[in-house]
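In the order they appear, the protein sequences are chains A and B.
Using the working numbering, you'd call the opening residue of the first sequence number 1 and step up by one each time.
Using the working numbering, you'd call the opening residue of the second sequence number 1001 and step up by one each time.
For glycine and all other residues, C-beta sits at the position ideal for the given N, C-alpha and C.
Just so we're clear, the structure is a prediction, and the values are computed from it rather than from any experiment.
There are 2 protein chains.
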Amino acid sequence: MRYDTEHKQRTHEKVVQEAANAIRQHGPDKIGIASLMSKLGLTHGGFYAHFNSKDDLVAEAISHMFEDRMEAFRKCLAGAEPAEGLASYIDLYLSIRHRDRRDKGCPVASLASDIARMPLVARKRFEVGIQHLTDAFTDVLKILDKPQPEILAASVVAEMVGAMTIARAITNSDLSERILDTARRNVKERVGLANT
Amino acid sequence: MRYDTEHKQRTHEKVVQEAANAIRQHGPDKIGIASLMSKLGLTHGGFYAHFNSKDDLVAEAISHMFEDRMEAFRKCLAGAEPAEGLASYIDLYLSIRHRDRRDKGCPVASLASDIARMPLVARKRFEVGIQHLTDAFTDVLKILDKPQPEILAASVVAEMVGAMTIARAITNSDLSERILDTARRNVKERVGLANT
DNA sequence: ATAATTATATGATACCGATCATGCTAAAGC
DNA sequence: GCTTTAGCATGATCGGTATCATATAATTAT
């Protein structure tokens, strides 16, 4: 039925977006092509007009997730002092909302243990994404004149990812919140930010 | 064929052990009952004489993993000064060997993102296990007279888990090792241990 | 020796997933 | 108005999985 020229491109984008959310929520193995397409009002058959395989889709989706994240990071920094911007990103990352919304959050935390089991195409996208994010973090620490900004960034990013992983594992809500709270204070102190 | 009285118990144990390794290596969804049993020279049918369901097995396997870990922790502390013992556990955790042997390593790092998607029975086992491990960590920090040992323990455990997660995600071996190295130095410094 | 029992094996069922060959439909181009 | 075509739908295949009913063989109890 001859849609306009960009129709297919838009559909493609929507599939990737939906996949990015579903993969973070349920893991790369538990999302079926059929259920994914049906969420967009489409059927499973058309899928292979857009992607060569499911692995292809997963790889694209991963890049999409990291783009989302970089945008969130930039949004925190925009229109604020670097220190304040960094603090707001830390608060955002270690928030209850982020804990409870895996589908929209950091792919490293959402897919931590899946990465190592993924096909190489997907792993490469991950590697690039992680690098970009820690580099961005490092840049801000440089502006703040922290010594050894790369090392501090690596350490702090690790703590943030680990704390979110553990907070999501804990079913006891109070305990889980305490872990996030602790991490928030720790991380901010370690990067030399006042605790709010 | 009427084996001796403990035969079934031993088989049960072996299944759990094998499952604990396979689950850490490949994730809870990618281990089939059939392939698991065949690794022990058995077939898939007998499985349900030992477990009510796969979920049951997974839950048992998780507890088994944490018991393994507690033993590793105790082994590091045994026959050494608390400070030295702690340092050796940190070195062990953030080692290349641990990175490359997910099947025998820390379940939190191996199954990070799987936990949140697991059935409640499994999540409860996880919760208990994490609590025990951080408590054990806290105890050592108390002996070392660290201020706020609980908070420091939570922070340091989070960094260790996060660093291992990221190190495993990175395919570039040099970069991955650098991340582990950085984390080792950071963590030891933060708990007041000399860097070796 | 025979019967009962126990750990495991065999085989079947039912379901779900990725992938692919082919069909349909409506607009584009003539 | 007819043909072509792009985007998607239908329907089938194939492989994998958990689960369960039933069979088998080796012991032990009688």
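Residue i to residue j, Cα distance in whole Å?
i                : j                : result
S95 of chain A   : R1125 of chain B : 25 Å
G1079 of chain B : I1090 of chain B : 16 Å
L42 of chain A   : G1041 of chain B : 46 Å
I33 of chain A   : F51 of chain A   : 11 Å
T1171 of chain B : A1109 of chain B : 17 Å
T182 of chain A  : S176 of chain A  : 10 Å
R185 of chain A  : T165 of chain A  : 17 Å
C76 of chain A   : V1140 of chain B : 38 Å
E1112 of chain B : L111 of chain A  : According to the sequence as given, residue 1112 of chain B is Ala; it is not Glu. So the alpha carbons of these two residues sit roughly 8 Å apart.
K39 of chain A   : E1081 of chain B : 58 Å
R101 of chain A  : C1106 of chain B : 25 Å
E1025 of chain B : D29 of chain A   : The displayed chain sequence assigns Gln, not Glu, to residue 1025 of chain B. Taking the straight line from one Cα to the other gives about 15 Å.
H98 of chain A   : A72 of chain A   : 12 Å
E84 of chain A   : S1053 of chain B : 51 Å
Y1048 of chain B : I1023 of chain B : 18 Å
R123 of chain A  : Q1009 of chain B : 41 Å
E189 of chain A  : R178 of chain A  : 16 Å
V1015 of chain B : I1115 of chain B : 21 Å
T1011 of chain B : D1135 of chain B : 32 Å
E13 of chain A   : D68 of chain A   : 13 Å
S1155 of chain B : G45 of chain A   : 48 Å
S88 of chain A   : S173 of chain A  : 23 Å
I1031 of chain B : I143 of chain A  : 48 Å
Q987 of chain B  : R1074 of chain B : Because residue 987 of chain B is not part of the residues shown, which for chain B are 1001 to 1196, the question remains open.
A167 of chain A  : S35 of chain A   : 29 Å
D103 of chain A  : P1119 of chain B : 18 Å
L92 of chain A   : M1070 of chain B : 33 Å
Give the C-beta separation of residue i and residue j to the nearest angstrom, bearing in mind that I take them to be a contact with Cβ-Cβ under 8 Å.
i                : j               : result
E1127 of chain B : A169 of chain A : 7 Å
V191 of chain A  : L152 of chain A : 7 Å
V187 of chain A  : E159 of chain A : 6 Å
L193 of chain A  : L86 of chain A  : 7 Å
R1117 of chain B : G27 of chain A  : 6 Å
F198 of chain A  : V157 of chain A : The structure shown does not extend to residue 198 of chain A, since chain A spans only 1 to 196, so no value can be given for it.
I need the boundaries of the alpha helix (DSSP H) containing residue i, first residue and last residue.
i                : result
R1101 of chain B : Neither: R1101 of chain B is in no alpha helix (DSSP H) and is coded neither H nor E.
H64 of chain A   : K54 to L77
L86 of chain A   : P82 to Y93
G1192 of chain B : It is not in any alpha helix (DSSP H) - G1192 of chain B carries neither H nor E in the DSSP assignment.
P107 of chain A  : P107 to I115
F137 of chain A  : L120 to I143
Could you have a look at residue i and say whether DSSP puts it in helix, strand or coil?
i                : result
K30 of chain A   : coil
I1170 of chain B : coil
E1013 of chain B : helix
P1149 of chain B : helix
E159 of chain A  : helix
G1041 of chain B : coil
H1050 of chain B : coil
E177 of chain A  : helix
E1018 of chain B : helix
Can residue i be considered in contact with the ligand NAD, in the sense that its beta carbon sits closer than 7 Å to one or more heavy atoms?
i               : result
L193 of chain A : Among the components modelled here there is no ligand, and therefore nothing to report on the ligand NAD.
**OP:** Evaluate contact between the stretch 138-152 of chain A and the stretch 1052-1070 of chain B, counting only Cβ atoms and requiring at least three cross-stretch pairs below 8 Å.
**Re:** Contact between the stretch 138-152 of chain A and the stretch 1052-1070 of chain B is absent, because fewer than three Cβ pairs lie under 8 Å.
Original post:
Counting Cβ pairs closer than 8 Å, one from the stretch 59-75 of chain A and one from the stretch 14-29 of chain A, do we hit at least three?
Top reply: yes
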